[in-house]
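One structure below.
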Amino acid sequence: GCEISSVYTGIAGGHIKGFNSHGVIALKEREVTKKDIDRVIEAASAVAIPMDREVIHILEQEFIVDEQDGIIDPLGMSGVRMEAKIHIVTGAVTSAQNIIKCANRAGLDVHDIVLQSIASSEAVLTNEERNLGTALIDFGGGTTDMAVFSRGSIKHTSVLALGGDNLTYDISIGIRTPTIEAEKIKMKYGCSLISMIGSHEIIEVPGVGGITPKALPRQFLGEILEPRLEEIFSLIQSELIRAGFEDSINSGVVITGGSSELQGITELAEQIFNVPCRVGYPDKVGGLVEVINKPMYATAVGLVLYGAKQTSSSKKFRIRDTNIFAKVVDRMKKWFKDVI
Numbered sequence: 628g629c630e631i632s633s634v635y636t637g638i639a640g641g642h643i644k645g646f647n648s649h650g651v652i653a654l655k656e657r658e659v660t661k662k663d664i665d666r667v668i669e670a671a672s673a674v675a676i677p678m679d680r681e682v683i684h685i686l687e688q689e690f691i692v693d694e695q696d697g698i699i700d701p702l703g704m705s706g707v708r709m710e711a712k713i714h715i716v717t718g719a720v721t722s723a724q725n726i727i728k729c730a731n732r733a734g735l736d737v738h739d740i741v742l743q744s745i746a747s748s749e750a751v752l753t754n755e756e757r758n759l760g761t762a763l764i765d766f767g768g769g770t771t772d773m774a775v776f777s778r779g780s781i782k783h784t785s786v787l788a789l790g791g792d793n794l795t796y797d798i799s800i801g802i803r804t805p806t807i808e809a810e811k812i813k814m815k816y817g818c819s820l821i822s823m824i825g826s827h828e829i830i831e832v833p834g835v836g837g838i839t840p841k842a843l844p845r846q847f848l849g850e851i852l853e854p855r856l857e858e859i860f861s862l863i864q865s866e867l868i869r870a871g872f873e874d875s876i877n878s879g880v881v882i883t884g885g886s887s888e889l890q891g892i893t894e895l896a897e898q899i900f901n902v903p904c905r906v907g908y909p910d911k912v913g914g915l916v917e918v919i920n921k922p923m924y925a926t927a928v929g930l931v932l933y934g935a936k937q938t939s940s941s942k943k944f945r946i947r948d949t950n951i952f953a954k955v956v957d958r959m960k961k962w963f964k965d966v967i
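Numbering (the numbering used here), first residue to last: 628 to 967.
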């Protein structure tokens, strides 16, 4: 076998926040160098981050050289002024610390922490979708993550504190069955649209505490799932409108994660978003394709692909220094270095 010493881990949760930022610099040499690119990204990243939050990602969106926008790689271009647009993702320091501690106790170093929707996008989105514009909806257990891509880069991220576990809990309460059984029933018989269920379809529901199983119309299950899924999609649609990206998803919506396998989920999504929708399968790797080619493994496969794209550096993810004096001294050193 292969001995593992370092890992890429995913992160999600209601504490995750994403926002766009913008930076501008003057070009000293009239030609863009690697140092200039680093400087403009640093300028765009110079925003106040609360002490209880950690920067998870600084993602480049585009560069602008002398008002020429849409530039992905400005290295070597001529100009006197360069701007950078970036997307910053932050999370709670304690959540990042707990992930690192968990990995360390298992004898592993954390090479990087990756937002789960970004990892999933590596596994299920095509280059055409990233360029034309798409919204990725990733169903997790406790959350549903959303990421908007356009012109080849990420434009917006958000996390909704509702996920597959809420669907399971609704079923458990609605048909009075243990949570474990409710999860099995959801994945085996669940349907997102009542109209797709025949009136004659019957399912068997295990009882609680040894009570005799009972038969229920499958439509009753649809009456539980459809309103909750409609709520989740409607909240995501409201977030797209609030952020101004409802007209940017020209290629449609891609849904992934465990609950995306529910029958009729794309049909329901199309009714709400009014764009083409599909289920995203992680089909970009070989090997045990029949095992991993399922939406529930999108994040795991995406983490592998994300790690493969990174440079083979030995850096490890570190929680930022919370010592104010040390941070000020470090910033002054950078200022003097730029001046010299």
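Backbone N, C-alpha and C fix where the C-beta goes; we use that ideal spot for every residue, glycine too.
Fair warning: this is a prediction, and the values are worked out from it, not measured in the lab.
- The closest CA to that of E866, considering only E810, P833, V928, F900, is found on F900.
- For A927, the uninterrupted alpha helix (DSSP H) segment begins and ends at 925–936.
- Cβ atoms of A671 and A711 come within 8 Å of each other, at about 5 Å.
- Annotation: the continuous beta strand (DSSP E) that includes L843 extends over 841–844.
- Listed in chain order, the non-local C-beta contacts of G907 below 8 Å within the same chain comprise S747, A750, V751, L752, L763, V881, I882, T883, S887, P922, A925, local neighbours out to five positions each way being set aside.
- Our two residues, S633 and S861, have alpha carbons roughly 39 Å apart in a direct line.
- By the neighbour-count criterion, in which 16 or more other beta carbons inside 10 Å mark a residue as buried, T795 falls on the buried side.
- The region 831–838 makes no contact with the region 869–878, as fewer than three CB pairs between them are under 8 Å.
- Check the Cα spacing between A870 and each of N793, E808, Q898, T784: the tightest is with T784.
- If the five residues before and after G790 are omitted, its C-beta is found closer than 7 Å to the C-beta atoms of F766, G767, G768, G769, T770, T771, all from its own chain and listed in chain order.
- In the pairwise beta carbon analysis, the region 690–700 is classified as not touching the region 715–722: fewer than three pairs are separated by under 8 Å.
- Using a Cβ-Cβ distance cut-off of 8 Å, the region 815–825 and the region 776–783 are not in contact, since fewer than three pairs of beta carbons, one from each stretch, lie closer than that value.
- Residue pairing for E710: DSSP places it in a beta bridge opposite V651, I691.
- For L787, same chain residues with a beta-carbon under 8 Å away, outside a window of 5 residues either side, are T770, T771, D772, M773, I859, L862, I863, E866 in chain order.
- At least 8 Å separates the beta-carbon of I668 from that of T717.
- Assigned with DSSP and collapsed to three states, G907 falls in coil, not helix or strand.
- Looking at the backbone, the Cα of H714 and that of E897 are separated by about 28 Å.
- Under the criterion of beta carbons closer than 8 Å, S819 and I892 qualify as touching, at roughly 5 Å.
- For V751, there is no enclosing beta strand (DSSP E); the residue is part of the alpha helix (DSSP H) that begins and ends at 743–751.
- For Q846, the closest C-alpha among the options P854, T839, K911, I829 is that of I829.
- Rounded to whole angstroms, L759 and R855 show a C-alpha spacing of 30 Å.
- With contacts defined by Cβ atoms closer than 8 Å, G637 and V741 form a contacting pair.
- I919: member of the alpha helix (DSSP H) spanning 916–919, first to last residue.
- The DSSP assignment places complete beta strand (DSSP E) segments of no fewer than 3 residues inside the region 767–801 at 771–777, 780–787, in order along the chain.
- Under the rule that a run must span 4 or more residues, the alpha helix (DSSP H) segments found entirely inside the region 804–837 read 806–816.
- Bridge pairing for R855: absent [DSSP].
- Straight through space, the alpha carbons of A842 and I800 are spaced by roughly 16 Å.
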